[in-house]
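Protein chains in written order, with my numbering: chain A, 30 to 362; chain B, 55 to 713. In this text, a Cβ means the ideal position worked out from N, Cα and C, and glycines have one as well. As structure tokens, the structure follows; a few thoughts come after it.
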């Protein structure tokens with residue numbers, strides 16, 4: 030789009046949100062066709078014929094979500110063996126998840142994983158790129174950033190293989206709905222957090238784990254982040270709810286594995302399945318959610334739930350419910 | 055919705071003269087003028103009812119030269135049921151004053167005079183008003199009567215200061231009685247350059263009058279002469295409008311009884327009333343919506359308007375040259391001669407347009423209003439079929455074939471409008487010289503200053519004009535399209551915008567729904583939200599954000615429709631707001647631009663916002679943005695020569711990305 034404006038006229042747009050622009054990250058993405066030509070020389074495809082068939086695209090293609098970006102995303106997803114590290118954290122991966130969401134929906138799958146992933150990466154992108162100044166000290170230059178980037182990349186590489194199953198592979202013609210979708214996502218998350226992310230945590234610098242753990246768990250941050258509308262991801266850490274102190278990302282050998290698995294599944298499926306799934310029904314989190322839901326439906330929301338600190342099960346339930354709603358609505362606007 | 059013929063046709067004579075078109079020269083104060091009558095003048099066997107063609111609002115004014123006659127302007131609400139130029143006003147001329155105004159010259163006429171008068175009385179009765187309704191309700195009031203002839207009609211309808219309410223009429227309402235010797239009907243189209251003045255609502259007939267040229271005109275006189283003749287393009291022959299109902303249905307009063315007519319009834323009973331029956335118009339425009347050689351860039355010289363297009367009416371005769379301006383006016387009339395009369399339903403007309411590599415190496419013909427040749431009755435071209443590559447051979451564009459409807463061995467009065475425009479080319483074209491304007495970038499010479507209106511005294515905050523302007527933005531935006539231009543005074547800013555109305559896209563997977571933005575409107579009751587913000591609030595695909603870019607210690611703020619959740623590629627049900635192009639200024643900056651334009655250029659001619667120094671730059675984080683300076687381009691007279699010149703504004707605008 031071309032929205033040209035004088036600086037004075039832009040200042041009159043008082044109702045728009047101001048956000049620092051996303052810095053350029055290269056990878057297979059170019060600023061302009063001229064840069065693409067410079068990089069590829071004789072191998073550059075003429076502009077009129079360039080449809081993303083060589084798995085390169087322009088930043089503008091991705092921002093506009095146009096055909097060239099789609100073709101590249103399609104080829105990245107459908108390739109066998111799967112292609113790794115073709116996408117850069119965080120914005121490129123975020124755009125990719127967004128695109129994939131519509132394709133999954135188009136195949137009538139009800140998998141929700143990508144909603145959560147988009148939400149999470151979007152928040153990380155916002156937090157890192159868009160000038161949350163109190164994060165700058167942690168991220169620049171930081172082991173924490175390295176850990177988040179490694180997590181983002183490793184998870185995306187794994188996610189591509191799961192997207193392949195849904196779009197081109199074993200489930201391409203078998204829509205995963207209801208409980209099937211839940212089981213698909215549960216298996217997805219168990220490997221994603223139990224194996225893929227575990228690798229990233231275990232090889233990260235201790236300082237990186239400390240910072241990320243603090244980011245995920247600190248009650249004070251929760252309150253600040255809530256105001257930024259990113260609470261859906263960070264709030265429900267609730268270390269009290271895990272038998273093994275499982276939300277502590279600094280604690281080897283599992284680095285908070287229980288929390289990292291149960292929280293996203295509970296957020297994605299707190300409306301059904303999670304606390305009825307035999308795999309989770311006896312956990313503290315499932316019991317709290319079930320109890321919280323029962324009370325909530327009887328008496329409504331207690332005042333403490335306005336800022337969700339774990340004081341009772343209704344708070345827990347409400348925090349998860351709100352995160353759940355946010356995540357499922359993330360693609361509506 | 056129903057459409058009606060403009061009068062009770064029963065007593066209407068068949069027109070023998072005073073039809074829409076060129077007429078004999080006239081002499082005014084010893085100076086000879088060429089004339090084009092844009093009013094279709096008729097006579098009747100007796101006085102006959104004037105009928106509202108469609109829903110709309112009216113203003114009535116007395117004729118200047120005969121105060122016993124009135125003219126009625128109908129501003130339509132309903133859109134025509136076929137592809138046709140946007141109609142701004144219908145004008146009914148020669149209405150007997152006694153049919154609308156009482157003999158005391160204060161009140162409206164007595165009850166049961168006609169539907170219009172009845173509706174006003176009914177309104178008063180329903181509210182138990184004790185006073186009689188006055189003629190002021192028709193627009194015959196001092197505040198309008200006192201206005202000078204040169205004021206824009208639009209300004210009257212939109213004025214927030216006149217304190218006049220305009221009465222509404224319904225399709226088929228009888229709105230007065232035509233004087234049998236003074237019947238006139240006129241159709242005014244939406245046009246950015248040709249804005250109708252109040253004078254047309256006060257005259258008996260509208261003649262476009264242009265002083266006859268000397269045998270050796272100067273470049274200025276020659277350009278001015280043909281410029282003034284372009285005014286006829288703001289009007290439409292009513293015969294062309296009514297012939298379009300051949301394939302639709304129109305309601306026609308015949309001696310007070312409503313008939314539904316189409317097909318043969320149109321051809322044999324309705325069009326018979328027009329002397330132009332059987333004539334078609336070929337209206338070829340350039341990229342600025344002027345006639346093809348308005349800028350003298352497709353003809354032999356700046357003082358010779360001969361513009362030979364090639365047409366073919368049948369295979370045997372083949373192509374032959376015809377001067378587009380051969381009737382002395384900027385529109386070509388096609389008659390039935392040389393068509394193959396054995397055909398049914400349609401005739402095929404092939405056209406080649408003059409085009410040189412120096413001037414337009416990559417021409418495109420946009421079929422704005424045209425029908426396909428087909429074995430059945432001609433139908434319109436689909437959206438993507440409207441864009442045809444020109445492909446030059448021997449200094450002419452390739453053959454283009456359109457269909458003209460044919461019935462009873464004669465043409466129906468089809469208006470065909472084509473536009474010879476330019477695709478983006480890699481050729482390094484030099485800037486245009488003299489009186490030629492050349493768009494050097496897609497935003498250069500896109501927005502004319504004529505888009506401006508008196509916002510401070512208007513009830514409207516936003517106007518969108520439904521003239522299609524072709525733009526090729528494929529280099530930066532990967533599409534080309536016909537755009538509608540608009541202007542919005544909202545949120546303390548002036549937003550000029552171009553909204554793609556019809557996108558040239560053959561790949562179904564890349565098709566997008568366009569955003570419906572045509573007409574005049576106001577956002578609620580206040581203007582605090584900018585148009586772009588309002589659109590993004592209603593749109594499901596994007597959010598309007600202000601991106602902050604960093605340059606050392608400085609911040610730059612740039613607008614962007616940022617894609618959020620909804621992915622719209624291939625989602626044809628979701629409009630693509632991101633294809634809108636816009637320029638935003640504060641109202642003070644805009645007023646300054648207008649002031650510079652007024653003091654430097656001829657405002658009867660195009661005056662455009664131009665751009666210069668367009669640069670793609672980066673901030674400290676390698677984020678691209680595009681910067682350009684705003685200039686004004688318009689016509690000036692120097693040394694008896696008319697040429698396009700520039701003026702600076704000291705304004706710089708920036709946009710996000712490489713655009």
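Query raised in the report: Does the separation of the CB atoms of residue 553 of chain B and residue 569 of chain B fall below 7 Å?
Result: With respect to residue 569 of chain B, residue 553 of chain B sits close: the two C-beta atoms are nearer than 7 Å.
Query raised in the report: Is there contact here, the segment 666–680 of chain B with the segment 632–642 of chain B, by at least three beta-carbon pairs under 8 Å?
Result: No, because fewer than three Cβ pairs between the segment 666–680 of chain B and the segment 632–642 of chain B fall closer than 8 Å, the two stretches do not touch.
Report task. Could you work out which residue in B/191, B/531, B/591, B/653 is closest to residue 95 of chain A when comparing CA atoms only? Result -> Cα-wise, what sits closest to residue 95 of chain A is B/531.
Query - residue 271 of chain A classed as buried or exposed, judged by whether at least 16 other C-beta atoms fall within 10 angstroms - result: Classification for residue 271 of chain A: buried.
Query raised in the report: If you drop the 5 nearest sequence neighbours on each side, which residues of the same chain put their C-beta closer than 7 Å to that of residue 353 of chain B?
Result: 347, 359, 360, 361, listed in sequence order.
Query raised in the report: Touching or not, the segment 139–150 of chain B and the segment 160–168 of chain B, by the rule of three or more beta carbon pairs under 8 Å?
Result: No, because fewer than three Cβ pairs between the segment 139–150 of chain B and the segment 160–168 of chain B fall closer than 8 Å, the two stretches do not touch.
Query - Whether residue 219 of chain A touches residue 172 of chain A by CB criterion (7 Å) - result: Their beta carbons are not under 7 Å apart, which means residue 219 of chain A does not touch residue 172 of chain A by this criterion.
Query raised in the report: Does the beta-carbon of residue 125 of chain B have 16 or more other beta-carbons within 10 angstroms, so that it is buried, or is it exposed?
Result: Here residue 125 of chain B is buried. Its C-beta has 16 or more other C-beta atoms within 10 Å.
Query raised in the report: If we ignore side chains and look at the alpha-carbon of each, how far apart do residue 75 of chain B and residue 471 of chain B end up?
Result: Cα-Cα distance, rounded: 17 Å.
Query raised in the report: How close, in whole Å, do the beta carbons of residue 707 of chain B and residue 33 of chain A come, if the pair is a contact with beta carbons under 8 Å?
Result: Contact between residue 707 of chain B and residue 33 of chain A is confirmed by a C-beta separation of about 4 Å, below the 8 Å threshold.
**Report entry** Simplified DSSP state of residue 60 of chain A, which is helix, strand or coil
**Finding:** Reduced to three states, the DSSP call for residue 60 of chain A is coil.
**Report entry** Alpha carbon of residue 233 of chain B to alpha carbon of residue 102 of chain B, nearest angstrom
**Finding:** Cα to Cα, the separation comes out at about 7 Å.
Report task. Over the uninterrupted beta strand (DSSP E) stretch that includes residue 460 of chain B, give me the two end residues. Result -> Residue 460 of chain B -> beta strand (DSSP E) spans 454–461.
Requested in this report: Please report the residue range of the beta strand (DSSP E) in which residue 417 of chain B lies.
Outcome: That run of the beta strand (DSSP E) goes 417–423.
**Report entry** Proximity to residue 183 of chain A [Cα-Cα], best of A/221, A/198, A/357
**Finding:** The residue from A/221, A/198, A/357 with its alpha-carbon nearest to that of residue 183 of chain A is A/221.
Requested in this report: Could you list the residues in the segment 52–68 of chain A with a C-beta less than 8 Å from some C-beta on chain B, going in chain order?
Outcome: Cβ contacts with chain B: 52, 53, 60, 61.
Report task. Leaving aside the five residues before and after residue 216 of chain A along the sequence, list all residues of the same chain whose C-beta is less than 8 Å from its C-beta, in chain order. Result -> Here the set comprises nothing.
Requested in this report: Can you have a look at residue 116 of chain B and say buried or exposed, based on whether 16 or more other CB atoms are within 10 angstroms of its CB?
Outcome: A residue is called buried once 16 or more other Cβ atoms fall within 10 Å of its Cβ, and residue 116 of chain B is buried on that count.
Requested in this report: Taking only beta-carbon positions, decide if residue 580 of chain B is within less than 7 Å of chain A.
Outcome: Unreliable placement is indicated for residue 580 of chain B, whose pLDDT of 48 sits below 50; the coordinate value is still reported in the next sentence. No, because no Cβ of chain A sits closer than 7 Å to the Cβ of residue 580 of chain B.
Query raised in the report: Do residue 45 of chain A and residue 599 of chain B have their CB atoms nearer than 7 Å?
Result: Less than 7 Å divides the Cβ of residue 45 of chain A from the Cβ of residue 599 of chain B.
Query raised in the report: So does the segment 417–436 of chain B actually touch the segment 281–289 of chain B, counting three or more Cβ pairs closer than 8 Å?
Result: No, because fewer than three Cβ pairs between the segment 417–436 of chain B and the segment 281–289 of chain B fall closer than 8 Å, the two stretches do not touch.
Report task. Name, in chain order, the residues that DSSP records as bridge partners for residue 611 of chain B. Result -> B/602, per the DSSP bridge assignment.
Requested in this report: Give every residue of the same chain whose Cβ lies closer than 6 Å to the Cβ of residue 284 of chain A, excluding the five residues on either side of it in the sequence, and list them in chain order.
Outcome: So the qualifying residues of the chain are 230, 278.
**Report entry** Assigned exposure category for residue 487 of chain B - 16 Cβ within 10 Å defines buried
**Finding:** Result: exposed.
Query raised in the report: Apart from the five residues on each side of it in sequence, which residues of its chain come closer than 6 Å, Cβ to Cβ, to residue 557 of chain B?
Result: The beta carbon of residue 557 of chain B lies closer than 6 Å to those of 533, 535 in the same chain, with the five residues before and after it left out.
Report task. Quick one: give me the first and last residue of the alpha helix (DSSP H) that residue 174 of chain B is part of. Result -> Per DSSP, the continuous alpha helix (DSSP H) segment holding residue 174 of chain B begins and ends at 169–180.
Query raised in the report: For residue 307 of chain B, which residues from the same chain have a beta carbon less than 6 Å from its beta carbon, with the 5 sequence-adjacent residues on both sides left out?
Result: Apart from sequence neighbours up to five positions away, the residues of its chain that approach residue 307 of chain B with a beta-carbon distance below 6 Å are 62, 105, ordered along the chain.
Query raised in the report: Which first and last residues belong to the beta strand (DSSP E) in which residue 91 of chain A is found?
Result: Counting along the chain, residue 91 of chain A falls outside any beta strand (DSSP E), though it belongs to the alpha helix (DSSP H) covering 88–93.
Query - Straight-line Cα distance separating residue 503 of chain B from residue 699 of chain B - result: Taking the straight line from one Cα to the other gives about 15 Å.
Query raised in the report: Which of the residues in the segment 74–98 of chain A, read from start to end, lie with their CB under 7 Å from any CB of chain B?
Result: So the close ones are 89, 92, 93, 94, 95, 96.
Query - Runs of beta strand (DSSP E) wholly within the segment 294–353 of chain B (minimum 3 residues, chain order) - result: Those beta strand (DSSP E) runs which fall completely within the segment 294–353 of chain B and span 3+ residues are 304–308, 311–315, 334–339.
Query raised in the report: In the DSSP assignment, what are the bridge partners of residue 136 of chain B?
Result: In DSSP, residue 136 of chain B forms no bridge with anything.
Query raised in the report: What are the start and end residues of the beta strand (DSSP E) that includes residue 34 of chain A?
Result: Element bounds for residue 34 of chain A: 31–34.
Query raised in the report: Out of curiosity, what's the CA-to-CA distance linking residue 127 of chain B and residue 208 of chain B?
Result: Those two C-alpha atoms are separated by around 11 Å.
Query raised in the report: In terms of residue numbering, what span does the alpha helix (DSSP H) encompassing residue 253 of chain B cover?
Result: Taken as a continuous stretch (DSSP letters only), residue 253 of chain B belongs to no alpha helix (DSSP H), as it is neither H nor E.
Query raised in the report: Which residues of chain B have a Cβ atom closer than 8 Å to the Cβ of residue 39 of chain A, listed in chain order?
Result: Neighbours of residue 39 of chain A on chain B, chain order: 600, 611, 612, 613, 638.
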